[in-house]
Structure formats: C-alpha cells, structure tokens
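Q: Before I ask anything, here is the structure I am working with.
There are 4 protein chains.
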Amino acid sequence: MLPEIKGLNEECGVFGVWGHPQSASITYYGLHSLQHRGQEGAGIVTTDGDVLRGLKGEGLVTEVFKQHDMSELKGHASIGHVRYATAGGGGYENVQPLLFHSQTGSLAIAHNGNLVNANALKHQLEGQGSIFQSTSDTEVVAHLIKRSGYSTFSDRVKNALTMLKGAYALLLLTETEMMVALDPNGLRPLSLGTIGDAYVVTSETCAFDVVGAEYLRDVQPGELVIINEEGIRSERFSYGAKRAMCSMEYIYFSRPDSDIQGVNIHTARKNLGKQLARVVDIEADVVTGVPDSSISAAIGFAEEAGIPYELGLIKNRYVGRTFIQPTKSLREQGVKMKLSPVRGVVEGKRVIMVDDSIVRGTTSKRIVTMLKEAGATEVHVCISSPPIKDPCFYGIDTSTHEELIASKHSVEEIREMIGADSLTFLSVEDMVTAIGRTDQGEHRGQCVACFTGQYPTELYPDTVLPHEKELTR
Amino acid sequence: MLPEIKGLNEECGVFGVWGHPQSASITYYGLHSLQHRGQEGAGIVTTDGDVLRGLKGEGLVTEVFKQHDMSELKGHASIGHVRYATAGGGGYENVQPLLFHSQTGSLAIAHNGNLVNANALKHQLEGQGSIFQSTSDTEVVAHLIKRSGYSTFSDRVKNALTMLKGAYALLLLTETEMMVALDPNGLRPLSLGTIGDAYVVTSETCAFDVVGAEYLRDVQPGELVIINEEGIRSERFSYGAKRAMCSMEYIYFSRPDSDIQGVNIHTARKNLGKQLARVVDIEADVVTGVPDSSISAAIGFAEEAGIPYELGLIKNRYVGRTFIQPTKSLREQGVKMKLSPVRGVVEGKRVIMVDDSIVRGTTSKRIVTMLKEAGATEVHVCISSPPIKDPCFYGIDTSTHEELIASKHSVEEIREMIGADSLTFLSVEDMVTAIGRTDQGEHRGQCVACFTGQYPTELYPDTVLPHEKELTR
Amino acid sequence: MLPEIKGLNEECGVFGVWGHPQSASITYYGLHSLQHRGQEGAGIVTTDGDVLRGLKGEGLVTEVFKQHDMSELKGHASIGHVRYATAGGGGYENVQPLLFHSQTGSLAIAHNGNLVNANALKHQLEGQGSIFQSTSDTEVVAHLIKRSGYSTFSDRVKNALTMLKGAYALLLLTETEMMVALDPNGLRPLSLGTIGDAYVVTSETCAFDVVGAEYLRDVQPGELVIINEEGIRSERFSYGAKRAMCSMEYIYFSRPDSDIQGVNIHTARKNLGKQLARVVDIEADVVTGVPDSSISAAIGFAEEAGIPYELGLIKNRYVGRTFIQPTKSLREQGVKMKLSPVRGVVEGKRVIMVDDSIVRGTTSKRIVTMLKEAGATEVHVCISSPPIKDPCFYGIDTSTHEELIASKHSVEEIREMIGADSLTFLSVEDMVTAIGRTDQGEHRGQCVACFTGQYPTELYPDTVLPHEKELTR
Amino acid sequence: MLPEIKGLNEECGVFGVWGHPQSASITYYGLHSLQHRGQEGAGIVTTDGDVLRGLKGEGLVTEVFKQHDMSELKGHASIGHVRYATAGGGGYENVQPLLFHSQTGSLAIAHNGNLVNANALKHQLEGQGSIFQSTSDTEVVAHLIKRSGYSTFSDRVKNALTMLKGAYALLLLTETEMMVALDPNGLRPLSLGTIGDAYVVTSETCAFDVVGAEYLRDVQPGELVIINEEGIRSERFSYGAKRAMCSMEYIYFSRPDSDIQGVNIHTARKNLGKQLARVVDIEADVVTGVPDSSISAAIGFAEEAGIPYELGLIKNRYVGRTFIQPTKSLREQGVKMKLSPVRGVVEGKRVIMVDDSIVRGTTSKRIVTMLKEAGATEVHVCISSPPIKDPCFYGIDTSTHEELIASKHSVEEIREMIGADSLTFLSVEDMVTAIGRTDQGEHRGQCVACFTGQYPTELYPDTVLPHEKELTR
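Chains as they are written, first to last, in the UniProt record's numbering: chain A, 1 to 473; chain B, 1 to 473; chain C, 1 to 473; chain D, 1 to 473.
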C-alpha cells in the first residue's frame, strides 16, 4: 500500500555560478529564465570568499530583487532558487536558499526535488536534538551535514547525501566552495556550463542561453561536483545508480527551449503530438492546443494529421497573484479567468483539442464545455501522455490517488465525465519512443511512476506527497 | 510636408457597462482582457445614479485594483480604461478615466485614439481661459463639452465631437448617462454587446468572451450611442463618414481572439502568413515566428508552404516593469532579455523567420543575429505586412519618419542592414486581400496611411505624433 | 444667519525657496518641520528656469519623498505644501502644489487657508467654461489668474487676488518667478527669511531654524512679494487691510518653537497658563497638561500657582494612519488609543487638567473620565482660551455650530457634561493680553471670530466650512 | 579584564495574553504601547489550542500588522515582541517571536535581554549538532529546551534556564501552555496582570493601562510562571537570586507612565531632577530638558530650583526610518535633523540644560553648540545620572569602553569637550536614593554596573556586547 499523503513539496529551480565578478547578476537572469519552475519565492546567496550574503523573499524574481539589492550581493560565486507556489503552507521561512550560520562557517542550500524519507530523517534528528524553523525538507540536509562525524566538509556532505532518499538536485555554498549534487536516480535535470572561466549550474539549459553560457555536460546521478579556487572536481557518493529522469519534465514542466539529456523539449513535445496523430483516426476541421505547454504537441499533431492548427484557446498573460478571482455568481454568468475560447476559430468546427495531461479532469471538462459553448460541433481530446494513475513523490505536483481521475476511472468513463466526443491517450511505450532519448535503461532511463505505479526508489509510510496546489487539470 | 513630431499619444483600451449591479467587477475583467492595449495605467469610474466614484493608478489592472476596492466602486454603470506605456511623460494625472467635477454634475471620460488637432484646440481653449492639468489630449474633450452653448448634455457632446479631428473611441459617464462615440473614420475598433439586460462596450470583442457578454454590433463611424435609464439610442454627429479601420489592429495590435468588423484577428494573421508563403519562393527547413504577435502568421506560412513550424524563439513571460535590465557589459557577454533563440530547433537549419512588421529594424537585426549565433545557417525574414514608411497620427506607436527604416531605405538595403539572407514584405493589396474584410470602400475600408502616406484625415502643423516608446522593431 | 455648512477646508503649511542650488532638499526639510500642519499629503514643485517638475503624494513628507526623488527635483527654486488630513474627501488630486500646464508656460500653486467665496467664484468660472478636477478651492485661483485680461503675469495675479475673500497664504511658482501673497486680513502666518543670497518663505518660523535660515520679516496683509532673477520686490494688491491673525495659531495650532509676529508660541502658551492660574482659585495636588499642545500652558499654570506639574497623561507617539482602531468591544473593555492616564501620578490626587480648548467636549469628557478611573479624586478642567462658540471659515478645523458645545451650552452645563469638578475658561480679553502682541488694532490684531462670532471678512450663503475631521475635542 | 566587544543585543519588549478570545488584538495594543522599546521589528504568535500561528516583520507594529491579519491570528493566547533597531545586523530572521516546529509540537519564544554566555552555549550546541538560522541569542534557548533530557516540558524549560547567564525576560508559547521566565537577577522588568479571567504579562506596566488590564504583581527573579488551562502556577528555577534591576530603565529607557517594582518612572525622573537641583548651585534664567526622556527630570529641577522651565529644545516627531538624512553640506549650512533650539526661549538667557545621561558626548556637544548658536549666553549641563564608565552586557545599548566618554575622561575634561559652562552628574548614591526603591539589597536592588563596573553576573571572554547603534549621546 502506498504511503499516506501529507506534507509539502518543492518543485523548483536552482541556479549557481562560480568564478564570475557579477555572479549575483548572472544568477538573477538565470533564475528569471527558470521562473516557470516556481513563482512563490526566490532567493540568492553569494560569497566573496569571506562572507555569505543572502537576499530572499516571497514573489517573482523581479519582485524580490531590486536594482540596488544587486550591488549589495557582492561576490564571485552565488547560488539561487525559485520556489513553486504551494496552496497554504510556506511563507518566508520556506523560501530558499536556506542560510545557516555557525561559528566555524556558514552554509547555504538550494534544493529542487522531494525527499521521500524526510519525515523519517526529521524524527531521527529531533531525537538527537535538532529543531526546525521551516517546514521544508531541505532543512534536513543541513542538519545531516552538521551532524556528520567526518572531518572534511566534502566528506560530511557525501555522508549526508547517503542518508537521503528521493529526488534532489542540490546546490550548496560555503564561504569558499560550491557543491552540486544529484540524487542516484537523477530524477531532476541538472546541467553544468561555462561562461569563460566561470562555472554555471542550472536546472534547465534554457538558462545557459539567457546568460550567454555554454553547455558543458549534465550532472550524473549520484555525482557530487565540487568547485573551489583550485578548480572543479567530481566525486561519487553512490554507485550503481540508474537514471530515471522525470517524464513530466518533457511532457509539461520544462521550458520548450531547454534540452534535457540531449533532447530538446519543444522537439520532444512536437514528436509526442505527431505520435498522437498517428494513433488517432478522427476527421476534424481544426487542431488546437491548450496554452502554453501543449502548443508544441498540437502543432506536431496538426502537421502530422494535415489538419490546420488554430488558436482555439487563448490565455490571459496578466493573471498574477494579485488577480481578483471572479465570484461564483460572476463565473456562473460566464466571466472567464485565465483561458478563453476563440469563437471565430471554433464556431461550427470539429475541434481536436491537444493537451499534455489530465490530472483531476476538472480543467479538461471546463475547456471542453467552453469550446462547445463557443460553437464547436465536436471536441476530441487528445492527450500527449499516458493516463496519470499514481501520485508523484519526487517533486511534481500532480495529486493524490483520490483525486487522480485516471486512478479510478477508465478512459471511456473519463471521456464521458469531461464531455468530450472522443478521448485518446498515448501509451507509455509510445510516449517513451516519441520523446526519443537514447538512454539504454528501462523506459530509456525515464521515470514513468505516475503512469505505472512503479517507483524508482523505496517509499515509506510517512513519505511526504507533494501538497495539493491550485493547478487542477 | 508632414507636421512636426512632438507630444504624446494614447494607444489604449476602453470598456464600459450600463445596467449591471456588479458593473465595476465586470469592468475589471473587461479591462483585464484588454491589458495588452496598455500597461501603464488603469482606472474605473462608476455611477450609482447619484455620485461618480473613481479609482485609477499607474500599473497593471491587477496592481491598481485590490479586492476591497471593488466593493467601494458601487453602481450599476462603469467605464474603464487601460493606458499605453509612454517613455517619459505620463504620471498619475494622465491615467484615465479623467474625472471632472462641477456644481451641476460630474463627468468621466475614457479615450482610445489620438486627436490630430489637439494642440490647435488647446490654443483656442487657453485663449478662452481654460487651464490644463494633464498632458493628455482627452482633457480637451471635457473642455469642449463644458463650453458648448447647447442646453442639453447630448447636444453639448455632439457639438464638442464636431470639433475633434483624428481618431477617438470615447466613453463618457455622468451620474445618469453613458455615452459612446466613434470618430467619423472609425479608425479604432469599438463594439457593443449585452449581458442580459445590461449593455457592454469594448475596444475589442475578446472582452465579451471573458465577461460572458454577447456581441451585438460594432459602433459606426460618426455615431454617438446614448444609454440611460430610458434605454439605448443612437445619434449621428457626422455624415458621409468613411470607415478607415487601422490595419495595424489586424496585423499586430489586437488580441488574436478578437473580431474586428467580422474578421477574426488570428484568422486574418494566419491568412497574411499564407499569402506571404505564396509570394515567397525559398527552400528552408523550419518556419518560426516572433512571439507573440507573429505566431499566427508563422503557422499560416508553415501550413501553406509545407515547411514545419517550430518554436525557434521563446519569450520570457515574466519581464515586467520591475525587471532589472542587464548592463551593457552583461549584454555583451550574451545575457538576453526578453527573447531567446532555441538552439535545439535552429542549429544547422535554414530558418524562415516570420514577423508582423519592421519599424526601426533594430529588433529584426537583433533576432537575425541571435538566430545565426544559435546556429541557423540561413535566416529568411518574411514580414506579414508592407513596409511602414510613414508615421501614424491616430494612436499606433510606430515612430517618426527619421526612425522608420523603410522611410529611407529600399527593401534590399534593409535586408543588408538587418543581416538577413532574404527579406520579403507583403504588398498593400495582398495585405488587404488576405485580411479579407468585406467593406466596399477604398482598401476595403482599411487605413493604410503608415504604408502609403495617404492619411484619411486632415493633418496640421502641430499635430501630435505618438511619442516614441520603448518598443523598437 | 450664518452660511450653511459644507465643503472642504485646508489647514496646511507652505514653504518656498528661491535662489538655492539645493532648493528641493531645503524645501523637504522645511516641509518636514511643518508636518504638524498637515499629514494627509505633501508635494514639491521646482523650477530650473525652463521646466517645472513636481512630485506629490498622499502621506507624510518622509513617505512621499524618497532619496532618489530628490535628485530629480532639480532647480534653484521650489515651493512645497503639506496638507491637513480630511475625513473622507481628498485623494491625490487635492494634494498640493497644484500644477497647471499651458502652451505659454506652467504654474504651480500652494495654498494655506480657506476662501469664503470659493463656491461663488466656482459658479462664475463654470459659467464661463472652467472645469475642475479637484475639490480644492485652490484650483479657483489658477482659473482666475488664467482668465485675467491683464498682460503681465504679476498684474494677472494681482487681479485674481482681488477676487478672493477669506484666508490665504499663497505661493506661486512659474518657470521664472516665485510669488508670495497674503490675504488682506493676514489671517494666516507667513514669514520671509534668507539663507545667504537665497530667499525662503514659510508658514511658520520653526522652519527657518531647521533649514538654517535667518528670519527677515513677516509678509504683510494684502502684500504680493515677487522674487525672480532681478531680485525681490513688494507690491500691494489691497489697501486699508487690517491684521486679524488667527488666535488658534497661538493657542494650539503652531509649533512651540515658532514666532508669529514677534511672539514666541511656547511663551504665549505659558503666559496663557499663568493668566489662567491667576483667575482660578482651587486647591489641588498636581497640574497636568493634555499632550502635546497644552503642555506649555500647564507648565505656566503650575509655575504661577506653585502646584507641581506632573505627567498625568501620556500620548502614544506611534499612532499613524495604519494604526488599527480598537473595536467597540475592546474599547469598552478599556483598550486605550492615543492617550493614557498615568495612574502613579494621579491616584488619590486632586488634579488640575489644563487643555488649550474645548470643541465638542467629547475628548474633554473622555480625559476627565480616564483620570477619575485612574484614581484622581477631583479633576478641575482649566482651558487656556475662551469658549469656542462659532465655526471658523478661515481654515482652522473646529466644527459646525451644531457640534460646538459652547455654542449651545453654558460653562456650568459643559462642566456637568464633561464630568469635571470645575471648569474655567479664559476671557477673550485675558487671552489677548496674555498672548501679548503689540499690534495696535482691535484685539491687538487677532481674529477672535470663533469666540465672538465677529468675523473679519464678509461671509456668503455658500461659504465653505472646514469639513469635520477626525479630531474631536 | 573585560570581554571583547562584539555581537548583537536585544533591548526589546515582550507582551503576552492567556485566556482571552481576542488575544492577538490585545497583544497588538500591548506591543503598541511598548513600541519605544524597539522599532526594528514586531511579531505575534498565537495558539488556539491546536496550532501556533505567527506573523512577524520588520518595522513598526502599525506597519507589520494590518486589519485583515488580525482575524487570521486566531486563538485564546498570544505572545508578542518588539525589537530594538540595530545598526547593520538583523533582518527578518532575527525578528521575534522565533517559531520552531517539531513533530511533537511547536514552540514560540520572545526574549527581552541579553545572554552573556550565548557564544559559549552556541559553541557547545554546535558541537552537539545544532545549526542556527538567526544571529539572535534567543535561538540558543530553543536548542537548550529541545536537548534537555527531562520528560516534561516544564522540566526541560527549567533545565534550559539554568544554563543561561545574563538578562532575560522570556515568554514561551506552545499549543497548550504559556510560560514566563525572569533571570535570577531580575535585570529586566516583567509584570503580571489580569483582564477579567485572562492573564497578561508585559515588559512595562504602561501596557496594562492601554489594554485595560489590572496590575497583579511583578515576576520574581528566578521565577518560572506556567499558565495553561488548569490555571496559573509559579515555580523557581534558581534560589538565592538577588534583584539587580537595571537603573537605566528608570533613568531613560522606560515610558514615564510605567511603574517598575512600585516606582513610577515619571516620578523617579522628577526626583532625580530635584536631587540634581539640590547639588547644583548655579544662577540661571531658564531650565530646559532634552526631549523626550529628560523632560520629567528638567521639570523636577525647575520646581526645586525655582527657575522657570521652558521648551528650549524641540524634537521633530516625524523622523522615521524613511527620513532622508541631510547631506554634510546641508548640515554645515545649518540644516537640523531631529532636534531644534527654540531661539525665542534661549536667546540672551543663561540656560540649565538637563539631560538623562552622557554616552559618547557627541549629542551633548551638538546640543550645547545649538543652544549657544541660538543665543544662550551660558549653558550649564546637568545630568540626572552618574557618569557611564562601563558597557552594559544586559541589553541596554550604551556603547563600548572606547567610546564611553566618561570611561577615559574626567568630568572637567568632558565639560570642556562638550563646550558647556558647567557640568554636573549625580552620584550613584544620590541616584539610587532619588529613585526611591524600597528594596533592601545593595543599591536598593538596582544594577549600577555601567556606573561602577561591578557586574551582577559573571562575564566571559566572548560575552556579546550590545552592538553599537545609531543612538549616540
């Protein structure tokens, strides 16, 4: 039986620079390009060799950092973090990088991923006297490093990493070193690059293009990269690791201009759409995608099927945290929020609506209804991924078993529930093939746990499930 | 010879509701869907039959209005405005609706467009004792209404309107009436709709979909619509008017889900792209569009040409007013701002880059350079409109003669300046045909002044030209 | 019969500098020292000889102006204004200086005082075509200047001033001149000073000490001072004027370190307290004052009576606009707001409580109750001014006839209503004598209208009465 | 030899309520009345029996808490804290109450005082694996409680308290209990009161008057008060404690309407002033005090000496964090900041200037100069306390040995340095006698360490000295 669902997760983005005189500015632009990975909070910690200076806050990168802040974030090395919006929890305490002070030196940590044994570790640590000020599982990592008996910092870090289970792409910064670590399954993307002599590390390669960096290589599962004034070196803290890269990074989470392990995201999505067109045999007038993440797949579908691609749905760009949600009575009168149908495009048409995934089914139902109200005569829903049947414990905010519509219902039942004229998913194998990775492992080294329930790591009775977020699909 | 260039223009959006108990909330969502027409300021004025209440401010709709403000904006009728960002001028005083108090009643005005005789009228009015607190040409309208000798308010308004030359879509609100007026050339879009018994008016029909309204009809050139508790009535203040709808509303300014005079914007743009594909004869590997406004044209081009459409360029969604611009030294190191090339898509490819227009040429040059640096072997620039040779005096912020690259240079010269392997524009006639309006007038009732220099209205030596804005293309 | 009560008044402070390279900074510190005269809004307009630049906003001086704003307010001359908090009205539009643009030049106006014929003038001006954007009577002045037929600016100003009735200390700034005008009764204080070669003008002399200026002289009733690059000159726009300086400036409004026409405010108040001690014959243990304005009078009383002065009441310094007012239920449980009694000082004591005035009586009643609850055995209320029986139309926010407790009730009735053991006021003559001005006019040139109903100017049926403010006493 | 000087101190205020349905609101008003004890930050943590909810932030109480926050701070018990402004350190992390989460329950701590063995304890705790996120010594207390081996929470707290050396008035809140502890020397004030059935605790009794509470008793040195649903009980964690109440709380820190151990602060100060008058034999025309803290002493001096008390110096009330400090060039031109002399009062006069203390001498020198420039013929400085010769390690921000002018210089030398015509201090014994406590201990139970160097607790080589703050006197 799967673990009880509780807690808080962190689907986020990390970025770091070592060896650049404007490291904080570079990190600002890097984080800015990773903003889609987290809008709740952002932070940067820098070192000038002597002192760690940090600034963090709730909100977008552009809200947290002002011009004059940048000049105070002095130093040749920086790490940064953008944090995913969670429903209720959070607050300033949980914004990263976390910064810890000690009489022998300071430590900053930025973490993307989710630890499945965080609660177990917390129980252990509290038994030994640790106290916690955030609800983030990242704080556990700092405690484990602190408590390790090893004498060198890198040994203490490696010792701590062996205690962690789950997904983690970690950046650590001390006065004199930056460390980069990836979990033994390599569940989250993490890449190294260079700007001249400086090293850069990022959750997604799109940040390299934005800051003018060159891609060097991906960080390997179970690898600890240590960068200091003597240069860069690589160590292993885990052997026999098997890559299990999150499929959802390809399907909907990452930015289309990023490459993950050599595969461009836009291209992968377009291929998913093409594959979908091959398995669907429906006559239709237009293909449309759900913005933004499904546009590439929809274009691929249209191209393969020879049906015109049209903008049948439009997203309002200006919906932010301060947007006033329409009241129930206004929604019932037809006031839309983020997404509107384009009547001129769908009226009187048979519409193929391509989306990347179905989670709870509520969004799909709303869009189908919207398109039909706008005059579509048929709406065929084509999903560029397999049905999501199981929750993710590694940092992607899907949902609980209870709420995952595909966990309890057949495809035909879902079709009826969302009011579509037809509903098609990709199979796991078609999805893996379309993405087109060259990895030799099972499922070409992709994690497909949320489609199959086969988790690449152990789970525990108190494993923390990504908290339910506002995003319902 | 054309008038000297100076002053301030107002490409903006207007929205109004009459007869709805939550008129301010409806207006909030309406303005929100018109946000692309102006991000500098926003305002709403309501009437409850006795008192006009206003709230306005600098910034986005979601920044200006907070939850608790809505409850204070009581009343069954509201007008609202979103204001275009201008370079230096502006400030709170220029944010609309403007609100004027008098011992016989109050008046609020919201204006989209640009008056070509504003300075002439100001000189006249100042000679008669008027004083001005804003630099907006809208203030002139209030003075003209006030000074009119007619006894009824609607006669005074009509009398004032006859004095105006240029482009104006106007909403007026008093304690007991809402008035809607469009200039005799109908240069700007303005449409009427209904929500049950309530009337709605908007610059673009996309707002109707968002607030659940039904489209009724477009406001006619030279028409004054008067709505009060006795119902709605239409009057004419100008006869013999000829429609000259701004071509740029179709080409790049309006939202793709809006219809202007029966033509859907996305469809028009896709058709412009298709037409472009017909006149271009180039072998290429991929078609890409410059986000956001050129995506529809690029898809049309790709569809017609049978060349795959790809996301070769990506726009960062989170660039707002508080974004810290990279310093020159960082830009030289390759730090990007709003737009990034997608290396995985363009590397080693012959790229057709579709854009909607070229103004100064600087943006085109930057994008071509960016694509080539990202590995494109050829970059063919295809523009879904004719060369812009003349400034607009009606509210679209293109630029001055000096700065309009097509005003001084041939197509071949421009191609060389922007570094493209080829450069193609649409002809005026192809553009008009592709958009596909059914109007019987010259150029099917489109204003093509910025392409041909043939202005639909008189101009004056002191006509105010749209101030130069940050947007350079 | 007195005019109907309606409208908005402006008890405020003005400050100006001509001929100093850091005129805006000097004005900032000047306004800061006048902050007690108005906390609702603040503004500064500067000229560098070519352009008027303005910045204004709602809130305190320190809230409106930030460090980087100061560098933008360039120029050798500035005028500034602090605005009194009004209950409901107001908003940004009413914050001064008001700034008017015209094709022949700009004009900024800052005004302290209240016009008694503002409504009459507005009716006239609206009849001639003027429109108004604020509810401030100051806007009238700009219209009158604009409409004057005279050819020179100073003649137009003088012509406009002859139209005004009531109280006004006015600063005007154009690109090339600063003008200073005082109403023919000199109802409000206004003084000239110098900093080296620069001229400074202020509502209160305390600002001279703060900015390091030397006092030169007071502006005379009916005087227009004109300062430009040719120097300073004085003109008269009214002859036969009689000084009627507001008594309340001495009694409670001005800062104790200011001098008005040669009389120091603290000294005047202390003398009012001494005089009060001479007419009161009560045995008591302690004298206490109501902070802040009555402390000087209380000390004078204690000194003269030989009774110890004690801090029987204390004011919380941190009550600002964002203070959350206690709910009714909390107030009933005893939660205090601004003022607390000092139990250790008043318990078991016979207390003489000196206050500067009684307006509605509600504050006096609250304080007497508070002192008794804190253990005072007797509370004798001694007021260092005569009973206020009539409203002020010149800018001091007292109240309406209805609400002025002394307008309807005898001293004995008031004593009973506020629960005091005795109640003493000063007579008008004692008050005038104690203040000790050397003016030869009636009441030594003081306005005593609020005590006697003898107004120094005409009044009109639609004279605007100072709006009722939060301050109830 | 005394410890090296480094670190951060916390002169602050604490307030708590147990058993009131609006505990957070009560705490808001309580903290508001303690605002003079700390303006850098404020926070409240509440419990409703199940969950601790906290809100804290940098700034004033009125800035940190908004109306809608209050409704979210649900619960029958609350603790709150206001934090003293420190020069450089600080930030959100150091704002209290600190809140710690654990799987067995949460804990909030608010602390007024300064631990002299904080660094020693940190070294110990870090050796055992603790990590720290703030630079506040308060975090140490939470770690000690966590690590205690005792089984009940109150035993763990008492165990932790025995490890602390120095000054602490502590409030602790868990889901089900509030605890109140005072160090064995009782160096800081802490009092218990009641509102009906609810218990209230505060740093100063002025808060009781503001929230309508009744004073019950002072918390005793070495006492731990435990309040929960079973009622209130008192325990001792230290025996043989001797009260050593901080003298500076009487002399300048506390609010005049507070009583500390039965002595009213205003009365104490007035008596200090009277005693000073008895030992000074100088002919003078006026007595003036330095606002705000020296006014009571100055009035006492004037009363005893029979010399008129006058407002010779005035403080600008509106100087806050956002005040723009005048540049050096403006200061040299005479622009004043917080304090101005009242020329009308001091010109041509022999002035006795009463101040509460001299720390560095810079402020005294500035005031003497200011008074002389304003025309005072003689300035005699009378200080209502003994010379401060030694730094405070218990939370009062005086300064380091280096900077304490009386540490290195004789009274005559100081007189010359500050430019006074005479300079008088009180002796320690006169000071103790004037304050008039009835305690039987040495110096009547007052701590006089800063005057004599005789510290009531042990000190350590790494004892943290209160960081130097902006306040120089």
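Note that the Cβ used here is the ideal one computed from N, Cα and C, for glycine as well. No experiment lies behind these values; they were computed from the predicted model shown.
Is S191 (chain B) helix, strand or coil by DSSP?
A: Secondary structure of S191 (chain B) (DSSP, three-state): strand.
Q: Please name the residue, chosen from A:G193, A:S238 and A:M70, that lies closest to I227 (chain A) on a Cα-to-Cα basis.
A: A:G193
Q: Can you tell me which of D:D439, D:F208 and D:A374 puts its alpha carbon nearest to the alpha carbon of Y215 (chain C)?
A: D:A374
Q: Are the C-beta atoms of F323 (chain B) and some chain A residue less than 8 angstroms apart?
A: yes
Q: Looking at the secondary structure, which residues open and close the alpha helix (DSSP H) in which Y28 (chain C) lies?
A: S23 to S33
Q: When we look at the beta-carbon of Y239 (chain B) and count the other beta-carbons within 10 Å, is it buried (16 or more) or exposed?
A: Looking at its Cβ environment, which holds fewer than 16 other Cβ atoms inside 10 Å, Y239 (chain B) is exposed.
Q: Take the Cβ of R236 (chain B) as the centre, count every other Cβ of all protein chains shown within 10 Å, and call the residue buried at 16 or more, exposed below.
A: Using a 10 angstroms sphere on the CB of R236 (chain B), the tally of other CB atoms stays under 16, which defines it as exposed.
Q: Could you give the distance in angstroms between the alpha-carbon of P456 (chain D) and the alpha-carbon of S234 (chain D)?
A: 24 angstroms
Q: Please report the distance separating the alpha-carbon of P97 (chain B) from that of G49 (chain B).
A: 18 angstroms
Q: Once the 5 residues before and after V263 (chain C) are set aside, which same chain residues still bring their CB inside 8 angstroms of it?
A: Y250, I435, G436 and R437
Q: With DSSP as the reference, identify every bridge partner of A198 (chain A), one or two as the case may be.
A: A:I195
Q: At what residues does the alpha helix (DSSP H) containing N159 (chain C) begin and finish?
A: F153 to L161
Q: So, for Q454 (chain D): in the same chain, excluding its five sequence neighbours on each side, which residues have a beta-carbon less than 8 angstroms away from its beta-carbon?
A: V448
Q: Is the Cβ of M1 (chain B) closer than 8 angstroms to any Cβ of chain A?
A: Per-residue confidence for M1 (chain B) stands at a pLDDT of 40, beneath the threshold of 50, marking its modelled position as unreliable; the derived number appears in the next sentence. Chain A, which has no Cβ nearer than 8 angstroms to the Cβ of M1 (chain B), makes this no.
Q: The alpha helix (DSSP H) spanning V346 (chain A) covers which residue range?
A: R343 to V346
Q: Find the residues of chain B that neighbour S71 (chain C), judging by a C-beta separation of less than 9 angstroms, and give them in chain order.
A: The premise fails here: S71 (chain C) is roughly 16 angstroms from chain B at the closest Cβ pair, so nothing lies under 9 angstroms.
Q: Along the chain, where does the beta strand (DSSP E) that runs through H81 (chain B) open and close?
A: Under the DSSP assignment, H81 (chain B) falls in the beta strand (DSSP E) whose first and last residues are A77 to R83.
Q: Buried or exposed: where does G38 (chain D) fall if 16 or more other Cβ atoms within 10 Å of its Cβ makes it buried?
A: buried
Q: If contact means a Cβ-Cβ distance below 7 angstroms, which residues of the segment 160-178 of chain C contact chain B?
A: none
Q: At a CB-CB cut-off below 7 angstroms, which residues of chain A make contact with D259 (chain B)?
A: Here the neighbours are G344.
Q: I'd like to know if the segment 373-392 of chain A and the segment 417-432 of chain A are in contact, where contact means that at least 3 CB-CB pairs between them fall below 8 angstroms.
A: Touching, yes.
Q: Measure from the C-beta of V65 (chain B) to each C-beta in chain A and report whether the shortest distance is under 8 angstroms.
A: The question names Val, but residue 65 (chain B) is Phe in the sequence shown. With 8 angstroms as the cut-off, F65 (chain B) counts as an interface residue toward chain A.
Q: Using CA atoms only, rank isn't needed, just tell me which of A:G196, A:S151, A:Y28 and A:R188 is closest to Q333 (chain B).
A: A:G196
Q: So the candidates are C:D155, C:T162 and C:T202; which of them puts its Cα closest to the Cα of A169 (chain C)?
A: C:T202
Q: Look up F15 (chain C) in the DSSP assignment and give the residues it is bridged to.
A: C:G80 and C:T202
Q: In whole angstroms, what separates the C-alpha of T267 (chain B) from that of T152 (chain B)?
A: 44 angstroms
Q: In angstroms, rounded to a whole number, what distance separates the CA positions of H111 (chain D) and H81 (chain D)?
A: 8 angstroms
Q: Which chain B residues sit within Cβ distance under 9 angstroms of M299 (chain A)?
A: The question names Met, but residue 299 (chain A) in the sequence shown is Ile. The answer, in chain order, is I299, A302, P308, Y309, E310 and L311.
Q: Looking at the C-beta of L52 (chain C), does it have a partner C-beta in chain B at a distance below 8 angstroms?
A: no
Q: DSSP three-state call for E310 (chain C): helix, strand or coil?
A: coil
Q: Using the beta-carbon of each residue, which ones in chain B are nearer than 8 angstroms to R147 (chain C)?
A: G129
Q: Give me the Cβ distance between L339 (chain B) and S25 (chain A), rounded to the nearest whole Å; I'm assuming they're in contact under 8 angstroms.
A: L339 (chain B) to S25 (chain A), Cβ: 19 angstroms. No contact.
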